[in-house]
Amino acid sequence: MRTNNEDEIMKTDVEKRILVIHGGTSSLNLLLNYIESLGYIFEEVNFDDVIWKLKKEIDENKCTEVELELDSTTLGKFDGVIFAGGIIRESVLPGIYREIKRWSRRFIKELTVPFLGICLGHMMLGLTYGATYRVMKRRSPNPIAEEKGLVQITFHRKFPLTPGISSLDVYENHKRELSRLPNCLINTASSRDSEIQAIYHVSRQQYGVQFHPEYKEHIVLQNFLKLL
1 MRTNNEDEIM
11 KTDVEKRILV
21 IHGGTSSLNL
31 LLNYIESLGY
41 IFEEVNFDDV
51 IWKLKKEIDE
61 NKCTEVELEL
71 DSTTLGKFDG
81 VIFAGGIIRE
91 SVLPGIYREI
101 KRWSRRFIKE
111 LTVPFLGICL
121 GHMMLGLTYG
131 ATYRVMKRRS
141 PNPIAEEKGL
151 VQITFHRKFP
161 LTPGISSLDV
171 YENHKRELSR
181 LPNCLINTAS
191 SRDSEIQAIY
201 HVSRQQYGVQ
211 FHPEYKEHIV
221 LQNFLKLL
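When we follow the UniProt record's numbering, the leftmost residue of the sequence shown carries the number 1, and every step to the right adds one.
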């Protein structure tokens with residue numbers, strides 16, 4: 001295991017294991033390096049593999065329940081789960097959207113350890129509990145309906161992973177957004193162009209952020225890791 005300089009929080013002195021699921025995000029190494037620098041052990045799974053497996057099964061008319069080769073015994077060795085960013089390709093999404101939602105509902109709802117969704121993972125957390133999503137609408141002079149680069153978000157209520165913080169400059173890269181949340185998920189922050197930026201479950205240790213804390217604002221990751 002690599003060791004780096006001390007971060008703002010103390011490294012864990014107990015071996016903690018984190019499952020990192022991702023959709024091919026370009027910032028994966030930033031996330032993994034940060035986790036590892038604090039002394040945590042991780043294993044990664046590429047969600048893209050699940051998507052293409054689904055597409056193949058649908059194309060062959062033999063779609064079955066999606067498995068990520070993770071059963072309760074396997075999950076039992078992890079102290080937390082981070083579902084990182086990535087994309088669901090337009091050409092794939094229409095045929096497997098229902099199956100993706102079914103998989104996420106089963107997987108995320110059955111978790112008994114803390115969960116953090118980042119970008120794609122944020123969306124999957126929302127879909128799990130019945131949220132809807134949409135392609136972003138343009139709300140600013142930006143000619144493209146997207147958020148890419150540094151964006152300021154404002155907290156209008158307390159977010160458990162950023163206590164005492166009223167605003168953050170964060171890195172974003174998305175064209176879709178959650179548009180309506182169920183009662184069990186609370187939104188705490190908004191940006192100029194996207195209303196749902198940081199959510200949490202009212203009774204479980206499950207959190208989602210539309211932005212990428214691995215780029216700039218490590219406070220979110222720090223406070224999540226403290227839960228493990």
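Think of the CB as a built atom: it goes at the ideal place given N, C-alpha and C, for glycine as much as any other residue.
Considering only the alpha carbon of each residue, which of the options lies closest to residue i?
i: Asn187; options: His174, Gln222, His122 and Leu150; result: His122
i: Gln205; options: Cys184, Cys119 and Leu178; result: Cys184
i: Leu111; options: Gln152, Cys119, Leu125 and Leu38; result: Leu125
i: Glu172; options: Leu120, Lys137 and Ser203; result: Leu120
i: Leu75; options: Ile21, Trp52 and Tyr34; result: Ile21
i: Gln210; options: Ser166, Gly86 and Leu227; result: Gly86
i: Val135; options: Ser194, Arg157 and Gln222; result: Ser194
i: Phe47; options: Phe83, Ile41 and Gln222; result: Phe83
i: Glu217; options: Ala145, Ile165 and Arg157; result: Ile165
i: Val45; options: His212, Leu19 and Lys56; result: Leu19
i: Val170; options: Tyr34, Ala198 and Val81; result: Ala198
i: Phe137; options: Val81, Lys158, Ser167 and Ile196; result: What sits at residue 137 in the sequence shown is Lys, not Phe. Considering only alpha carbons, the answer is Ile196.
Do you know offhand how far residue i's Cα is from residue j's?
i: Pro163; j: Leu181; result: 22 angstroms
i: residue 235; j: Glu147; result: Residue 235 lies beyond the stretch modelled for the chain, which goes from 1 to 228, so this question has no answer here.
i: Thr128; j: Ile108; result: 7 angstroms
i: Asp59; j: Gly24; result: 23 angstroms
i: Asn5; j: Ser37; result: Bear in mind that a pLDDT of 36 at Asn5, under 50, signals an unreliable position, so the model cannot answer this.
i: Arg176; j: Thr132; result: 11 angstroms
i: Ser191; j: Gly117; result: 18 angstroms
i: Val220; j: Arg17; result: 18 angstroms
i: Glu15; j: Lys226; result: 13 angstroms
i: His156; j: Ala189; result: 6 angstroms
i: Ala145; j: Gly130; result: 24 angstroms
i: His174; j: Phe159; result: 21 angstroms
i: Gly80; j: Phe224; result: 9 angstroms
i: Gly39; j: Arg106; result: 30 angstroms
Can you tell me whether residue i is buried or exposed? The criterion is at least 16 other CB atoms within 10 Å of its CB, across all chains shown.
i: Asp49; result: exposed
i: Leu150; result: exposed
i: Glu8; result: Caution is warranted here: a pLDDT of 47 is assigned to Glu8, below 50, making its placement in the model unreliable, and no coordinate value can be reported.
i: Gln152; result: exposed
i: Glu214; result: buried
i: Val202; result: exposed
i: Glu43; result: exposed
Would you please verify whether the beta carbon of residue i is less than 7 angstroms from any beta carbon of chain D?
i: Ile199; result: Absent here is chain D; the protein component of the structure consists of one chain.
Residue i: beta carbon under 6 angstroms from a heavy atom of the ligand FAD?
i: Arg105; result: The ligand FAD is not part of this structure, which contains no ligands at all.
Inter-stretch contact at 8 angstroms, needing at least 3 Cβ pairs: the region 100-107 / the region 28-38: no
What residue ranges within the UniProt domain "Glutamine amidotransferase" (69-216) form continuous alpha helix (DSSP H) runs of no fewer than 4 residues, ordered along the chain? 72-75, 93-110 and 120-128
Of all the alpha helix (DSSP H) runs that stay within the bounds of the region 12-44, which reach a length of 4 or more residues? 28-37
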